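These protein sequences, in sequence, are chains A and B. According to the numbering used here, the first sequence is numbered sequentially starting from 3. According to the numbering used here, the second sequence is numbered sequentially starting from 192. For glycine and all other residues, C-beta sits at the position ideal for the given N, C-alpha and C. For clarity, every value in this text was computed on a predicted model and none was experimentally measured. Report on the following structure.
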Amino acid sequence: MNNDKSNIEWQSVVAIVNDDGKFKGVGLRKQGGSFEILWTRRSEDPDVGWREFAAECGLSVERSMLEDFESDRMVVVGFSTAGTIFHRTSVPAVGDKEIESIVGLQAETRLPLSPEQIELTWRADKLDDGQLGVTMAVARKEQLQKFVDNVRCFQPTKLLLSCEGIVKIWEALFSGNKENAIVLSAGTHNTQVCLVEKGRLSNAVVLDMGIEDFSTTAVEEQTETTERFAQDMRSVLDLFGCADQEQLPVFVLSDGSATYVSIVSSLRLAGLNARVASPELEGIMARSELSNEDIYRYRTPIGLALLALDADYNELNIFKNLYNPVQKVIKKHWVYSSTASFAIACIMLVLLVVVSYSVDIAGPNSIEKRIEETISDVDMNQLVKRQQLIRTVARERPDLLDLLKLVNESGQKGITLTGLNFKKGQPVSITGQASSNDQLSRFEKNLQKTKGIEKVNYTANTNVKSKKITFTMTFLYKNFSNKTTRARI
Amino acid sequence: MIDKLSEKDIRALKFGAVGAALILLFVFGSAGHERWTKAKASGAVLKSKLDVINVDKAKQAGLMSIVPVFEMPQIEEEQKFLFRDKLSEQLRKAGIKSKPLQVQAGRKSPQSGYKLLLVKCSATCKFTQVLDFLARLNENPYLVGIEELKIKCDPKKRGEVELDFTASTFAEQEK
Numbered sequence: 003m004n005n006d007k008s009n010i011e012w013q014s015v016v017a018i019v020n021d022d023g024k025f026k027g028v029g030l031r032k033q034g035g036s037f038e039i040l041w042t043r044r045s046e047d048p049d050v051g052w053r054e055f056a057a058e059c060g061l062s063v064e065r066s067m068l069e070d071f072e073s074d075r076m077v078v079v080g081f082s083t084a085g086t087i088f089h090r091t092s093v094p095a096v097g098d099k100e101i102e103s104i105v106g107l108q109a110e111t112r113l114p115l116s117p118e119q120i121e122l123t124w125r126a127d128k129l130d131d132g133q134l135g136v137t138m139a140v141a142r143k144e145q146l147q148k149f150v151d152n153v154r155c156f157q158p159t160k161l162l163l164s165c166e167g168i169v170k171i172w173e174a175l176f177s178g179n180k181e182n183a184i185v186l187s188a189g190t191h192n193t194q195v196c197l198v199e200k201g202r203l204s205n206a207v208v209l210d211m212g213i214e215d216f217s218t219t220a221v222e223e224q225t226e227t228t229e230r231f232a233q234d235m236r237s238v239l240d241l242f243g244c245a246d247q248e249q250l251p252v253f254v255l256s257d258g259s260a261t262y263v264s265i266v267s268s269l270r271l272a273g274l275n276a277r278v279a280s281p282e283l284e285g286i287m288a289r290s291e292l293s294n295e296d297i298y299r300y301r302t303p304i305g306l307a308l309l310a311l312d313a314d315y316n317e318l319n320i321f322k323n324l325y326n327p328v329q330k331v332i333k334k335h336w337v338y339s340s341t342a343s344f345a346i347a348c349i350m351l352v353l354l355v356v357v358s359y360s361v362d363i364a365g366p367n368s369i370e371k372r373i374e375e376t377i378s379d380v381d382m383n384q385l386v387k388r389q390q391l392i393r394t395v396a397r398e399r400p401d402l403l404d405l406l407k408l409v410n411e412s413g414q415k416g417i418t419l420t421g422l423n424f425k426k427g428q429p430v431s432i433t434g435q436a437s438s439n440d441q442l443s444r445f446e447k448n449l450q451k452t453k454g455i456e457k458v459n460y461t462a463n464t465n466v467k468s469k470k471i472t473f474t475m476t477f478l479y480k481n482f483s484n485k486t487t488r489a490r491i
Numbered sequence: 192m193i194d195k196l197s198e199k200d201i202r203a204l205k206f207g208a209v210g211a212a213l214i215l216l217f218v219f220g221s222a223g224h225e226r227w228t229k230a231k232a233s234g235a236v237l238k239s240k241l242d243v244i245n246v247d248k249a250k251q252a253g254l255m256s257i258v259p260v261f262e263m264p265q266i267e268e269e270q271k272f273l274f275r276d277k278l279s280e281q282l283r284k285a286g287i288k289s290k291p292l293q294v295q296a297g298r299k300s301p302q303s304g305y306k307l308l309l310v311k312c313s314a315t316c317k318f319t320q321v322l323d324f325l326a327r328l329n330e331n332p333y334l335v336g337i338e339e340l341k342i343k344c345d346p347k348k349r350g351e352v353e354l355d356f357t358a359s360t361f362a363e364q365e366k
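What follows is the structure, given as structure tokens:
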């Protein structure tokens, strides 16, 4: 089953087929809801191959020239289904993997070839009464590979079965409005017979009789041809499982000439519900005027082109394991482009460098310059030194007036101080006389409570004669009594 | 012309372009990096200088209350005279008649690049004169601090004290 659906909206398509031994190509463009045939081309030269004809159609046949994959143009190639076997079966409503297994087993039982020698594809219909109708197509891998090798040079976007193109053009331009029908596309030497079920191809065979066989003037020969053709058609209907459906319409695609009327007549004589289907050009435009004959002549490539532009169509892709087309480069808005992102990133990087230069390099330099200009004659380093020295001096300078004040405020009436000794790095000591131990004790406590004074100790001696107590009191004053201060001196 | 170049040639050109870009990046990048490193170091020095100078108002007021005046230290020979003269003047203003001031050899300084000089003073004076002297001492622009202060009262001679003090100053170290 082909599930390689692309979301890419193609605008134009080139379709090429080898039909009746002749290469035919068309260019078709989609414009809104209508289609325009841009050009048609065919080659009857027996020396021309796929490569040469693709080049004639304006396609790039060199690997390095990839412009087709970057444009909105799709290239499709039709594969003649002469060697392809179709089969229709029903499976229960199961998943794709299970269907794949069932279809694979059925193909193995019906073909005298090993799985390695064949390529298989399938397509499931919509669920109907709990059953899924499945159309499968099988072909020899060798034959398909040969075809792929022939067309690979111009890197087609899709490889399609030609008979699907015939069904498509019948629906689009030959008033094919029936859900179930037989469609006959008669070529010069052969006739493609397609069974259409639920609007899609479900079986196809190729008969080795064509228009040339019906064009003979001899009456006897003509009678023999029509009889043989009618018999072949009955066999085909039998093969398709439609032998008992007498009312199943049989559409013979026609360019409007009498030959096709005779084909229809012969089929009617054989009891088939045959009718002529002529082109109706309402749904399609063309740059140059196209006749019914032209439409008929290019029916297969036009059908394939229309099929390729139908994004919803789920074609039978028998080449899925053999050919992987180069994906079209999807044009995105420049904002999403990695190049644009890279360029923006580079610009941002440059901006970052400029800003960081301004802030980190130009900034300090200009500040220093401005400071130098402002300070003028005064050396900035001198200012720094001066400020550092002032700070050091402030740390080193004790307020001895404050110390004397603190000692004086802590003293009690009756206490007489006789000396004070301050030396950096040593406890401050004061000497004096007191009238009682209570006074001395209160003096010590008051000092202890004073901010900046710590670890107050004293020793006292009582004079027997005068009853006065002489004392020596020591304490630590701020950070000046610490030994570290002394060490710095 | 570019159409004639093979894929190999184009690849070689791309490698060449990338190589050239890398060389340019290296050359200008290394020069820029060096400049950036210097500028960054210069910026750091500048910032530290500004931090030292740019003290907030409250801190500056605190510093000014302790060190209201300050003169940058001179070399030892000049500084010791300046300091001694200013100290003598302050003693005289306080009415203290001191013995000759003695300049002592400097000890280890708390500030690198500067010596610490000590000036020792001994006098007999009134206690009120001592207080007056201590109150004016901060006006000496060469003073660093008082290293030692001894006040001794003679109980028999009320109001008279023996004063010994050592003050310090900075002197610029000769290079």
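Please check if any C-beta of chain A sits within less than 8 Å of the C-beta of B/F219.
In the second sequence, counting from the first residue as 1, residue 219 of chain B sits at position 28. Taking a beta-carbon distance threshold of 8 Å, B/F219 does not count as an interface residue toward chain A.
Shorter than 8 Å from the beta carbon of B/Q265 to some beta carbon of chain A?
On the second sequence, position 74 is the one that residue 265 of chain B refers to. Chain A, which has no Cβ nearer than 8 Å to the Cβ of B/Q265, makes this no.
Residues that A/R444 bridges to, as DSSP identifies them
On the first sequence, position 442 is the one that residue 444 of chain A refers to. A/R444 is not bridged to any residue.
Short CB-CB distance (under 8 Å) between A/E58 and chain B:
If you number the first sequence from 1, residue 58 of chain A lands on position 56. No, no contact with chain B.
Should A/E72 be labelled buried (16 or more other beta-carbon atoms within 10 Å of its own) or exposed?
Indexing the first sequence from 1 puts residue 72 of chain A at position 70. Bear in mind that a pLDDT of 49 at A/E72, under 50, signals an unreliable position, so the model cannot answer this.
Relative to the C-alpha of A/I320, which candidate in A/S82, A/V77, A/Q33, A/E58 has its C-alpha closest?
Taking the first sequence and counting its residues from 1, the one referred to as residue 320 of chain A is at position 318. Of the candidates A/S82, A/V77, A/Q33, A/E58, the one whose C-alpha sits nearest the C-alpha of A/I320 is A/S82.
Within 7 Å of chain A by C-beta, residues of the segment 228-243 of chain B in sequence order:
Those would be A230, K231, S233, G234, L237, K240, V243, in chain order.
To the nearest angstrom, report how far apart A/F482 and A/G427 are at their CA atoms.
Start at 1 with the first residue of the first sequence, and residue 482 of chain A comes out as number 480. Start at 1 with the first residue of the first sequence, and residue 427 of chain A comes out as number 425. Between the alpha carbons of A/F482 and A/G427 lies a gap of roughly 6 Å.
For B/E363, does the three-state DSSP call read helix, strand or coil?
The residue labelled residue 363 of chain B in the question sits at position 172 within the second sequence. Here B/E363 sits in strand by DSSP.
C-beta contact flag for A/N423 and A/S431 at 8 Å:
Here residue 423 of chain A refers to the residue found at position 421 when the first sequence is read from its first residue. Here residue 431 of chain A refers to the residue found at position 429 when the first sequence is read from its first residue. It is a contact, given that the beta carbons lie within the stated cut-off.
Please say whether B/A314 and B/S289 have beta carbons closer to each other than 8 Å?
Residue mapping note: residue 289 of chain B aligns to position 98 of the second sequence, counting from 1. Residue mapping note: residue 314 of chain B aligns to position 123 of the second sequence, counting from 1. Cβ distance < 8 Å, so B/S289 and B/A314 count as in contact.
Interface residues of the segment 338-355 of chain B facing chain A [CB-CB below 7 Å]
Here the close residues are E338, E339, L340, K341, I342, K343, C344, P346.
Mind pulling the alpha helix (DSSP H) runs of 4 or more residues that sit fully within the segment 109-168 of chain A?
For the segment 109-168 of chain A, the continuous alpha helix (DSSP H) assignments of 4+ residues that do not extend past its boundaries occur at 143-153, in sequence order.
Starting from the N-terminal side, write out each stretch of the beta strand (DSSP E) that is 3 residues or longer and does not extend beyond the segment 371-443 of chain A.
Listed in chain order, the complete beta strand (DSSP E) runs (minimum 3 residues) inside the segment 371-443 of chain A are 418-425, 430-436.
Are the beta-carbon atoms belonging to A/G80 and A/A17 less than 8 Å from one another?
For the purposes of this step, residue 80 of chain A is identified with residue 78 of the first sequence, where counting begins at 1. For the purposes of this step, residue 17 of chain A is identified with residue 15 of the first sequence, where counting begins at 1. Result yes, Cβ atoms of A/G80 and A/A17 sit closer than 8 Å.
Can you find a CB in chain B that lies within less than 8 Å of the CB of A/R372?
The residue labelled residue 372 of chain A in the question sits at position 370 within the first sequence. For A/R372, no Cβ of chain B is located within less than 8 Å of the residue's own Cβ.
Residues within the segment 283-311 of chain B neighbouring chain A, beta-carbon criterion of under 9 Å:
Listed by position, the residues of the segment 283-311 of chain B near chain A (Cβ gap below 9 Å) are R298, K299, S300, P301, Q302, G304, Y305, L307, L309.
CA-CA distance, A/N205 and A/D240?
Locating residue 205 of chain A in the first sequence gives position 203, where the first residue counts as 1. Locating residue 240 of chain A in the first sequence gives position 238, where the first residue counts as 1. Distance between A/N205 and A/D240, taken at the CA atoms: about 12 Å.
Applying the criterion that 16 or more other CB atoms from any shown protein chain within 10 Å of the CB defines a buried residue, is A/T123 buried or exposed?
Here the question's residue 123 of chain A lines up with position 121 in the first sequence. Classification for A/T123: buried.
Residue span of the beta strand (DSSP E) that contains A/A276, given as start and end
Indexing the first sequence from 1 puts residue 276 of chain A at position 274. Looking at the DSSP string, the run of the beta strand (DSSP E) that includes A/A276 is 275-279.
Residues of chain A with a CB under 7 Å from the CB of B/I257: which are they?
To locate residue 257 of chain B, count along the second sequence from 1; it is residue 66. The answer, in chain order, is A396, R399.
Cβ separation of B/P301 and A/T394, assumed to be a contact under 8 Å, to the nearest whole Å
For the purposes of this step, residue 301 of chain B is taken as the residue at position 110 of the second sequence. For the purposes of this step, residue 394 of chain A is taken as the residue at position 392 of the first sequence. Taking C-beta atoms under 8 Å as the contact rule, B/P301 and A/T394 qualify, at a distance of about 6 Å.
Determine, using beta carbons only, whether A/R90 and A/T137 come nearer to each other than 8 Å.
As a working note, residue 90 of chain A is residue 88 in the first sequence. As a working note, residue 137 of chain A is residue 135 in the first sequence. Cβ distance < 8 Å, so A/R90 and A/T137 count as in contact.
Going by the DSSP bridge assignment, what does A/S36 pair with across the sheet?
Reading the first sequence from its first residue, position 34 is the one you call residue 36 of chain A. Within the DSSP secondary-structure output, A/S36 pairs in a beta bridge with A/Q33.
Limits of the alpha helix (DSSP H) - the one that B/I257 falls within:
Counting from 1 along the second sequence, the entry for residue 257 of chain B is found at position 66. Per DSSP, B/I257 belongs to the alpha helix (DSSP H) from 248-257.
Is there at least one Cβ from chain A nearer than 8 Å to B/L325's Cβ?
In the second sequence, counting from the first residue as 1, residue 325 of chain B sits at position 134. Using beta-carbon distances, B/L325 counts as an interface residue toward chain A, with a partner under 8 Å.
For A/F1, count the other beta carbons within 10 Å of its own beta carbon; 16 or more makes it buried, fewer makes it exposed. Which is it?
There is no way to answer for residue 1 of chain A, as the model of chain A reaches only from 3 to 491.
Under 9 Å from the C-beta of A/G416: neighbouring residues of chain B:
For this step, residue 416 of chain A is matched to residue 414 along the first sequence. Residues of chain B passing the Cβ test: none, with the nearest at roughly 15 Å.
So with Cβ pairs under 8 Å, would you call A/G413 a contact of chain B?
Mapped onto the first sequence, residue 413 of chain A falls at position 411. For A/G413, the answer is no, since every Cβ of chain B falls outside 8 Å of its Cβ.
By DSSP, does B/K290 sit in helix, in strand, or in coil?
Here residue 290 of chain B refers to the residue found at position 99 of the second sequence. Three-state result, B/K290: coil.
B/Q367 (DSSP reduced to helix, strand or coil)
Here chain B has residues from 192 to 366 only, and residue 367 of chain B is not among them.
Tell whether a beta-carbon distance below 8 Å holds between A/I168 and A/V140.
Here residue 168 of chain A corresponds to residue number 166 of the first sequence, with the count starting at 1. Here residue 140 of chain A corresponds to residue number 138 of the first sequence, with the count starting at 1. Remark: C-beta atoms of A/I168 and A/V140 do not approach each other more closely than 8 Å.
How would you call B/F206, buried or exposed, if buried means at least 16 neighbouring beta carbons within 10 angstroms?
Here residue 206 of chain B refers to the residue found at position 15 of the second sequence. The residue is exposed, with fewer than 16 neighbouring Cβ atoms inside 10 Å.
Nearest to A/I497 (by Cα), restricted to the options A/S368, A/G305, A/S259, A/K447:
The question about residue 497 of chain A has no answer, for chain A in this structure spans 3 to 491.
Counting only Cβ pairs nearer than 8 Å, list the residues of chain B close to A/G421.
Taking the first sequence and counting its residues from 1, one reaches residue 421 of chain A at position 419. Those within 8 Å of A/G421 in chain B are K341, I342, K343, C344.
Roughly how far, in whole angstroms, is the beta-carbon of A/S45 from the beta-carbon of A/F55, given that I think they are within contact range, below 8 Å?
For the purposes of this step, residue 45 of chain A is taken as the residue at position 43 of the first sequence. For the purposes of this step, residue 55 of chain A is taken as the residue at position 53 of the first sequence. The beta carbons of A/S45 and A/F55 sit about 5 Å from each other, so the pair counts as a contact at 8 Å.
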